[in-house]
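The numbering of the sequence shown is my numbering, which starts it at 5 and goes up by one.
Take a look at the structure below.
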Amino acid sequence: MVDSHRVSLERVLVLNRIWQPIATVVVKQALTLVFRQRARVVCPESYQMFDWANWLSDKAVRSDAHVIEHDYIRTAHLQVRKPEVITLAKYAGYPNTGVPYSRRGVFERDNGQCQYCGVYVHKRAMTIDHVLPVSRGGGTNWTNCVLACQRCNHSKSDRTPGEASMALAQEPVQPTRDQLILSGVNMHESWKAFINERHVKVKL
Numbered sequence: 005m006v007d008s009h010r011v012s013l014e015r016v017l018v019l020n021r022i023w024q025p026i027a028t029v030v031v032k033q034a035l036t037l038v039f040r041q042r043a044r045v046v047c048p049e050s051y052q053m054f055d056w057a058n059w060l061s062d063k064a065v066r067s068d069a070h071v072i073e074h075d076y077i078r079t080a081h082l083q084v085r086k087p088e089v090i091t092l093a094k095y096a097g098y099p100n101t102g103v104p105y106s107r108r109g110v111f112e113r114d115n116g117q118c119q120y121c122g123v124y125v126h127k128r129a130m131t132i133d134h135v136l137p138v139s140r141g142g143g144t145n146w147t148n149c150v151l152a153c154q155r156c157n158h159s160k161s162d163r164t165p166g167e168a169s170m171a172l173a174q175e176p177v178q179p180t181r182d183q184l185i186l187s188g189v190n191m192h193e194s195w196k197a198f199i200n201e202r203h204v205k206v207k208l
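Structure representation (structure tokens):
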């Protein structure tokens, strides 16, 4: 199986059995799913599907062959072309279109950045700010909660952004499923055939 000498952090788009995008995974995990016959690689140009044997036959070269390195992942004896899209063999489900509110979701929607000062926040140090304070009727939901660093959250305290003279980087919105799938991920050009672009135009 893939015994890579390096772990690629590039992402692969995962489709369910009926070709709806449901997640992204790292390249090594995608190849493992294909090897275990739980998924097949999709060629974005032809939409042809490849199982493990066919992918190796068509998209692998000897380990000493000269290739564009960033397009391949190295194994003990081969260099295997990195897939960009895979489809699961059996799972046809799709997460609910409505994305339930969660702290993790807010972190992903806001790209790990404080929505007041722009500093990147570590997950262990993250705080959630209620734009309209709870004490004044503000709810805990997508449109009233933003990621904030501890300093900004403390500074804003029990005030609105206007009262605290603290501008939001962007208005908080409920993200679509596609937006959360792509949050913090460099999107391959080939994914556009499978992702609804109307849902990802908002910068998360």
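Glycine is no exception: its CB is placed at the ideal position from the N, C-alpha and C atoms.
Between Glu175 and Ser159, what straight-line distance do the alpha-carbon atoms span, to the nearest angstrom?
So the alpha carbons of these two residues sit roughly 19 Å apart.
According to the neighbour-count rule (16 or more other Cβ atoms, all chains shown, within 10 Å of its Cβ), is Ala34 buried or exposed?
Ala34 comes out buried.
Would you kindly report the start and end of the unbroken beta strand (DSSP E) that includes Ile26?
Note, Ile26: beta strand (DSSP E), 25 to 30.
Status (buried if at least 16 other CB within 10 Å, exposed otherwise) for Glu49:
Classified as exposed, Glu49 has fewer than 16 neighbouring CB atoms from the shown chains inside 10 Å of its CB.
Less than 6 Å between C-beta atoms, sequence neighbours within five positions excluded: which residues of the same chain meet that for Pro137?
The residues are Asp162.
When we look at the beta-carbon of Ile22 and count the other beta-carbons within 10 Å, is it buried (16 or more) or exposed?
So Ile22 counts as exposed.
Using three-state DSSP, classify Val150 as helix, strand or coil.
DSSP places Val150 in strand when its eight states are reduced to three.
Ordered along the chain, which non-local residues of its own chain (more than five positions away) have a Cβ less than 7 Å from that of Val204?
Its pLDDT being 46, under 50, Val204 is placed unreliably by the model, and the measurement read from it follows with that caveat. Its chain contains Asp182, Gln183, Leu186 as the residues whose beta carbon lies nearer than 7 Å to that of Val204, once the 5 sequence neighbours on both sides are disregarded; these appear in chain order.
Given this structure, state the Cα-to-Cα distance separating Glu14 from Phe39, to the nearest angstrom.
Straight-line spacing of the CA atoms in Glu14 and Phe39 works out to 18 Å.
My guess is that Val110 and Cys153 are in contact by the Cβ rule of under 8 Å, so how many angstroms apart are they, rounded?
Between Cys153 and Val110 the Cβ distance is about 13 Å, and since that is not below 8 Å, they are no contact.
Suppose you measure from the CA of Trp195 to the CA of Thr91; what does that come to, to the nearest Å?
Between the alpha carbons of Trp195 and Thr91 lies a gap of roughly 12 Å.
Specify, as a first and last residue, the run of the beta strand (DSSP E) that Leu82 falls within.
First-last of the beta strand (DSSP E) with Leu82: 82 to 85.
Excluding five sequence neighbours on each side, which residues of the same chain lie with their C-beta closer than 6 Å to the C-beta of Thr131?
Closer than 6 Å at the Cβ level, and outside the excluded window around Thr131, lie Ala152, Gln154, Asn157.
With distances taken Cα to Cα, identify the nearest neighbour of Ser61 among Gln83, Gln178, Ala43, Ala173.
The shortest C-alpha separation from Ser61 is found at Gln83.
What is the rounded straight-line gap between the Cα of Asp133 and the Cα of Pro179?
The C-alpha of Asp133 lies about 17 Å from the C-alpha of Pro179.
Starting from the Cα of Ala197, find the closest Cα among Thr164, Tyr51, Arg107 and give me that residue.
By alpha-carbon distance to Ala197, the top candidate from Thr164, Tyr51, Arg107 is Tyr51.
State the DSSP-derived secondary structure class of Ile199, mapped to helix, strand or coil.
Ile199: coil per DSSP, three-state reduction.
Assigned exposure category for Val46 - 16 Cβ within 10 Å defines buried:
Classification of Val46: buried, given that the 10 Å Cβ count is 16 or more.
DSSP puts Phe54 in a beta bridge; with which residues?
Under DSSP, Phe54 shares a beta bridge with Val45.
Anyone know if the C-beta pair for Gly122 and Ala173 falls short of 8 Å?
Note that the C-beta distance between Gly122 and Ala173 is below 8 Å.
Go ahead and label Val71 buried or exposed: buried means 16 or more other beta carbons lie within 10 angstroms of its beta carbon, across all protein chains shown.
Low confidence applies here, because Val71 scores a pLDDT of 48, under 50, leaving its location unreliable; read the following figure in that light. That one is exposed.
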